[in-house]
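Residue numbers (the working numbering): 244 to 445. Each residue gets a CB set at the ideal place from its N, CA and C atoms; glycine is no exception.
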Amino acid sequence: MSNSLIDNLKSFNRKERFYLICQMLGNPEFRMDDNQLDEISKLIGFTIPRKYFAAMDYHLDWIYASLYLTKNNTASCVERNFTEENGTAIDYQISGTQEDVDFLLAFVDEKQITHLVMIEAKGDSYFSNGQLDSKNKRFMAIFGNENTWLNVRPHFLICSPKEPQKISIEEPAYFIFNKKSELTWFPLKMGDGKNKVTREFR
């Protein structure tokens, strides 16, 4: 699989946890379960080939940088986007933070469109509108509209033991909702019998 965007994504992947898990599980290519690939294919409406790039805890800064570097002439790149908030210019494309997506899956379809499937997961905690709104602002700045990156198709999925309720996102990025105007959710299977440590104050 040779694709400049995916090559860039690979080059920025410096998470030690990723490489430790690959090494400990004897899975250096971070290969996914075929059944899970088929399930995600159904959710996004595209068949995922068995040649892909997958990563975890992937920084949003790295995604934008990978897109940016696909342009040979940087002057032709998507315009840098600084948002004014309370008199302060905020950069939502390159924030300098570790804001990330929990799982990234990138593949190229038969039409040579590169798909970026970004998955956010919650286990014991819950999805908050504030967190999702922050992600949405980053997505809007990074991906723009449908004409910003013509050969790129982003997708966003959420994953948790129970489907979240009362999710509200203002001015959603063009791809963040499905055809039902909802976030696309699938279950996270954590099993039963999980304990939780709490502190009792007296």
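Selected residue, minimal CA-CA separation from residue i, among the options
i	options	result
Gln336	Leu426, Met267 and Trp305	Trp305
Phe399	Glu425, Pro271, Arg442 and Tyr311	Glu425
Pro430	Met383, Lys365 and Asn379	Lys365
Asp376	Ile412, Ile385, His358 and Leu393	Ile412
Trp392	Phe418, Met275 and Asp277	Phe418
Asp334	Phe382, Leu263 and Leu312	Phe382
Trp428	Lys409, Ile401 and Ile410	Ile401
For residue j and residue i, the rounded distance between their alpha carbons
i	j	result
Met267	Lys354	36 angstroms
Ser338	Ser368	25 angstroms
Pro407	Arg257	31 angstroms
Asn388	Ala416	8 angstroms
Val360	Pro397	6 angstroms
Met433	Ser403	9 angstroms
Leu280	Glu443	43 angstroms
Ser309	Tyr301	12 angstroms
Sequence-distant residues of its chain with Cβ nearer than 7 angstroms to residue i (five each side left out)
i	result
Phe296	Ile249, Leu252, Lys253 and Ala349
Asn394	Gln355, Ile356 and Thr357
Pro271	Cys265
Tyr307	Gln336, Ile337 and Ile385
Nearest-angstrom beta carbon gap, residue j and residue i [assumed within contact, 8 angstroms]
i	j	result
Met299	Asp345	7 angstroms
- Message: Whether or not the segment 248-255 and the segment 347-360 are in contact is what I'm after, with contact meaning three or more pairs of Cβ atoms, one per stretch, closer than 8 angstroms; do they touch?
- Response: Contact holds: three or more Cβ-Cβ distances are below 8 angstroms.
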